[in-house]
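Inspection log for the structure reproduced underneath, given as structure tokens.
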Amino acid sequence: MRCQRGSTLLLVLLVLGVLTAYLAIRTVTDLNSERDRVTTAALALAKSALIGFAVTYSDSHPGQVNGYLPLPDLGSSRNNNFTLNEGVSAANFSGNSTHLSVLGRLAWRTLDLGPLRDGSASCLWYAVSGSHQDAQKSTPMNWDSVGHFELFSTDATPAGTVSTVGDEHQRAVAIVVAPGAALPDQSRANSSVDTVTECSGNYDARNYLDSVSPNALINNIVNSLAGTHGATGSYPLTAPKQIIAGPVWDEGHNPLINDRVLTITPDELFKLIQRRADFKTAIDAMLGDLSVCLNALPPTDARLAASAGNKGVDNILAACAPADPARANFLTNWKNNLLYTKPAALSTVNGTSGCIAVLFFGGARTQRSVAPLSAQLRATAAQTGSAAVFGDPTMYLEAGNTQFPASAAYAGSGYFHAGTASADLVRCIKGLAAGSTQQSFAADFSGFSVAGVGVSPVAQTRSVNIATATGNSGGCFWSPSLVPLAGKTLRTYYDFKFSLSDSFAVNATGADRGNGFTLQLVSAESGVAPDTCGAQAAMGTLAADSIWGGRSIIVETDVHRDAAAPSDAHDPNENHTAILLNGDLDHLQAGASMSAACDGTAAGCRHLPANKFEEAPPALHHQRIEIHSGCDATCSHCSQFPLSPPNDYARVAVWVDCVDCSDVMADLDRLAQRPTLQRCLPSNAALSSAFWGFTGGFRTGSRQQGVTLSELIVRSE
Numbered sequence: 001m002r003c004q005r006g007s008t009l010l011l012v013l014l015v016l017g018v019l020t021a022y023l024a025i026r027t028v029t030d031l032n033s034e035r036d037r038v039t040t041a042a043l044a045l046a047k048s049a050l051i052g053f054a055v056t057y058s059d060s061h062p063g064q065v066n067g068y069l070p071l072p073d074l075g076s077s078r079n080n081n082f083t084l085n086e087g088v089s090a091a092n093f094s095g096n097s098t099h100l101s102v103l104g105r106l107a108w109r110t111l112d113l114g115p116l117r118d119g120s121a122s123c124l125w126y127a128v129s130g131s132h133q134d135a136q137k138s139t140p141m142n143w144d145s146v147g148h149f150e151l152f153s154t155d156a157t158p159a160g161t162v163s164t165v166g167d168e169h170q171r172a173v174a175i176v177v178a179p180g181a182a183l184p185d186q187s188r189a190n191s192s193v194d195t196v197t198e199c200s201g202n203y204d205a206r207n208y209l210d211s212v213s214p215n216a217l218i219n220n221i222v223n224s225l226a227g228t229h230g231a232t233g234s235y236p237l238t239a240p241k242q243i244i245a246g247p248v249w250d251e252g253h254n255p256l257i258n259d260r261v262l263t264i265t266p267d268e269l270f271k272l273i274q275r276r277a278d279f280k281t282a283i284d285a286m287l288g289d290l291s292v293c294l295n296a297l298p299p300t301d302a303r304l305a306a307s308a309g310n311k312g313v314d315n316i317l318a319a320c321a322p323a324d325p326a327r328a329n330f331l332t333n334w335k336n337n338l339l340y341t342k343p344a345a346l347s348t349v350n351g352t353s354g355c356i357a358v359l360f361f362g363g364a365r366t367q368r369s370v371a372p373l374s375a376q377l378r379a380t381a382a383q384t385g386s387a388a389v390f391g392d393p394t395m396y397l398e399a400g401n402t403q404f405p406a407s408a409a410y411a412g413s414g415y416f417h418a419g420t421a422s423a424d425l426v427r428c429i430k431g432l433a434a435g436s437t438q439q440s441f442a443a444d445f446s447g448f449s450v451a452g453v454g455v456s457p458v459a460q461t462r463s464v465n466i467a468t469a470t471g472n473s474g475g476c477f478w479s480p481s482l483v484p485l486a487g488k489t490l491r492t493y494y495d496f497k498f499s500l501s502d503s504f505a506v507n508a509t510g511a512d513r514g515n516g517f518t519l520q521l522v523s524a525e526s527g528v529a530p531d532t533c534g535a536q537a538a539m540g541t542l543a544a545d546s547i548w549g550g551r552s553i554i555v556e557t558d559v560h561r562d563a564a565a566p567s568d569a570h571d572p573n574e575n576h577t578a579i580l581l582n583g584d585l586d587h588l589q590a591g592a593s594m595s596a597a598c599d600g601t602a603a604g605c606r607h608l609p610a611n612k613f614e615e616a617p618p619a620l621h622h623q624r625i626e627i628h629s630g631c632d633a634t635c636s637h638c639s640q641f642p643l644s645p646p647n648d649y650a651r652v653a654v655w656v657d658c659v660d661c662s663d664v665m666a667d668l669d670r671l672a673q674r675p676t677l678q679r680c681l682p683s684n685a686a687l688s689s690a691f692w693g694f695t696g697g698f699r700t701g702s703r704q705q706g707v708t709l710s711e712l713i714v715r716s717e
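Residue numbering for the sequence shown follows this note's numbering, starting at 1 and increasing by one per position.
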């Protein structure tokens, strides 16, 4: 019996021992799981905040491109940022330089975060590649900029320590590190020179990132950098900094590395950056600036020649440098994606023939479309090109466009779209042939003259403000050059943005801001360019009794209703756009029909919403005008010469808020984008050539308004 009781007691003790061991293991497992969860969440939040910083960099740094990342917190003794706070990004610290990679604590305060900690309660660390740090900016900065960090995995053997990166473009531009608990030989005593109130410890990276000393089992890779406190280092393209993500143990299950690492790649930044509306605007403006400049040069001009290296672009970049510093900066960062050719024979671009040269923007990297069918790479000079090396066009262009630089039929969009970011963008370059003219704000801004009051040219951005002014005069901005109309096609593009919002046209309450602006083409028979401006109430237009306005074409953008004497223009309730003639803004003049259809069936458009152009906040609007001569009486068929009956009419078409319509080298596709308004006019000998300019008339007081006009180009050919 005693033996049985003893056996029972032994069994109970054994069960209790097993249960205790199980509960202990379960507790440790649960604790480790919770620590892993905390670490994973902290790393993810830090990565998200850093990506947000890079994607919106230009918002807080006007004139800069996006993609740059902040320096880490190097400690209050080294940060050089005039603050003793922890968690603040270092400024341009002593010893910093271009291409220098920098490691420190995550600048959580700069990122509007709290002090993020991993599961061991250690604050996170962060390293930024020298290619992307924002204090000493490397250029170019674009979606092909290569990071300096290469991630490795390991099984704690030399042969098993291998890169996880497929090519240069997959290297990290930043890493976020959860350092974990201290390993042997790591000291995390509080710094005596740096503020460590929040995170405690010190700023020597070797006390946090593993391993402390090189270890042959992992090919001597250490996660800290080479410079002071393990915090800085320069790493060339051919020898990136190697990083190992833990945990890693040796055969005795001793920890070699317990760093948890999360990387940020260039693609993770630019997949978001390319979706920004201002990114599209900047890419399109870069192509537009270059094509406007090149198309204003005579076809024989030496500046149109392609360069021997750098994918043909060096000559045109020298000839067409943007005046606006922000645009010049963008071009510096994105010029590697440009390709240019001027072969001996003419080319065709998207069906437009007669192109003496072709300008490309190679989109985001994708697969090569010629053998070998591998990924496009743009890391080396042989791929990107330089003054001495042409560069490999197959690393930029797709499909039939790899015929570049030969004379060929090329195809692609003329404008960037985020949904097809890898697509080739292409522009036809014709130069300025004899008999053709081109004026633009980009090239000719300084030659425009101011008349009247309230006009403020802005030379840096090549834009003009026409705003509220005292007195009865409007404000005008006249080109000194005339444009031929008879026997020609005139294509015009410009952007405009009103200064203030106004809902009067919607709810008829408050003051109706006004008046508006026009593009007016006036008779050149006098041989003298206009040097005056019309009345404020007439939006500055030159009137019927002047030597210019009596024979003129007016495209008005009207935001004030004049429907009563004495200035009765029979305006509709809505803000509107109209094609008017001969200095007369009365919509009852013959043929000046108004319609809410806005589909090109009438000479005027009554916009909906009724306060279009004065929405809240006011938006940037795009306007395109085409005037074709040699039309039949219905203007169904144009460009029929000579100008004699029955083909002696002119078609004036206007597109309001057209899409991707700034390239004036070819007509807009009228089926893809129907004109907003259109008017068919008998040819007028007095308008065989015309002077032209913007006119505006804006009121004071509660009815004040103003407009900014930009991106103007006028081409006649």
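Just so you know, even glycine gets a beta-carbon here, dropped at the ideal spot from N, CA and C.
Own chain partners of residue i with C-beta closer than 6 angstroms, once the 5 adjacent residues on each side are dropped
i	result
Phe498	Phe613, Glu614, Pro618 and Val707
Leu23	The predicted position of Leu23 is uncertain, since its pLDDT is 47 and thus under 50; no value can be drawn from it.
Val28	With a pLDDT of only 49 at Val28, under 50, the local geometry of the prediction cannot be trusted, and the value read off the model is given with reservation. For Val28, where only same-chain residues beyond five positions count, there are no Cβ hits under 6 angstroms.
Thr437	Val483 and Ser716
Gly288	Ser662
Gln136	Asn96, Ser97 and Thr98
Ser463	Thr708 and Ser710
Sequence-distant residues of the same chain with beta carbon closer than 7 angstroms to residue i, five excluded per side
i	result
Ala633	Pro646 and Tyr649
Asp584	Ala544
Ser224	Leu103, Ala205, Arg206, Leu209 and Gly230
Trp108	Gly87, Gly114, Pro115 and Leu116
Gly362	Asn337, Leu339, Tyr396, Leu397 and Asp424
Collapsed DSSP secondary structure at residue i in the structure displayed
i	result
Thr557	strand
Gln383	helix
Ile356	coil
Arg78	coil
Tyr22	Any reading at Tyr22 needs caution, since the residue's pLDDT is 48, under 50, leaving its predicted position unreliable; the model's value is listed next. Note: Tyr22 maps to helix in three-state DSSP.
Ser730	In this structure the chain extends from 1 to 717, so residue 730 is not present and cannot be described.
Trp334	helix
Ala578	strand
Leu124	coil
Gly549	coil
Ser716	strand
Val28	Any answer about Val28 is weak, because its pLDDT of 49 lies below 50 and its placement is not dependable; what the coordinates show is given next. The answer is helix: DSSP assigns Val28 an H, G or I state.
Ser629	strand
Thr341	strand
Ile244	strand
Val426	strand
Ala650	strand
Glu711	strand
Ala686	helix
Phe641	coil
Thr232	strand
Beta strand (DSSP E) segment containing residue i, residue limits
i	result
Tyr57	First-last for Tyr57: Tyr57 to Ser60, but that is the alpha helix (DSSP H), not the beta strand (DSSP E).
Thr695	Ser689 to Phe698
Val349	Ser347 to Val349
Phe416	Neither: Phe416 is in no beta strand (DSSP E) and is coded neither H nor E.
Phe517	Asn515 to Ser523
Phe390	Counting along the chain, Phe390 falls outside any beta strand (DSSP E), and DSSP gives it neither H nor E.
Ile257	Pro255 to Ile257
Gly604	Gly604 to Arg606
Cβ neighbours of residue i in the same chain (closer than 8 angstroms, five flanking residues each side left out)
i	result
Leu237	Val146, Glu168, Ala379 and Thr380
Asn81	Val88, Ser89, Ala90 and Ala91
Ser743	Residue numbering for the chain in the displayed model covers 1 to 717; residue 743 lies beyond these limits and cannot be assessed.
Integer Cβ distance of residue i from residue j, believed to fall under 8 angstroms
i	j	result
Thr232	Leu100	6 angstroms
Arg260	Asp73	Not really, about 19 angstroms apart at Cβ, beyond 8 angstroms.
Phe496	His621	5 angstroms
Cys428	Val358	7 angstroms
Limits of the unbroken alpha helix (DSSP H) element including residue i
i	result
Val292	Ala277 to Leu294
Leu269	Pro266 to Ile273
Ala318	Asp314 to Ala319
Val506	Phe504 to Asn507
query = Fully enclosed by the stretch 429-497, which alpha helix (DSSP H) runs are 4 residues long or longer?
reply = 441-444
request  = Can you check the stretch 110-197 for any beta strand (DSSP E) of at least 3 residues that lies completely inside it and give the ranges in chain order?
outcome  = 125-128, 149-153 and 174-178
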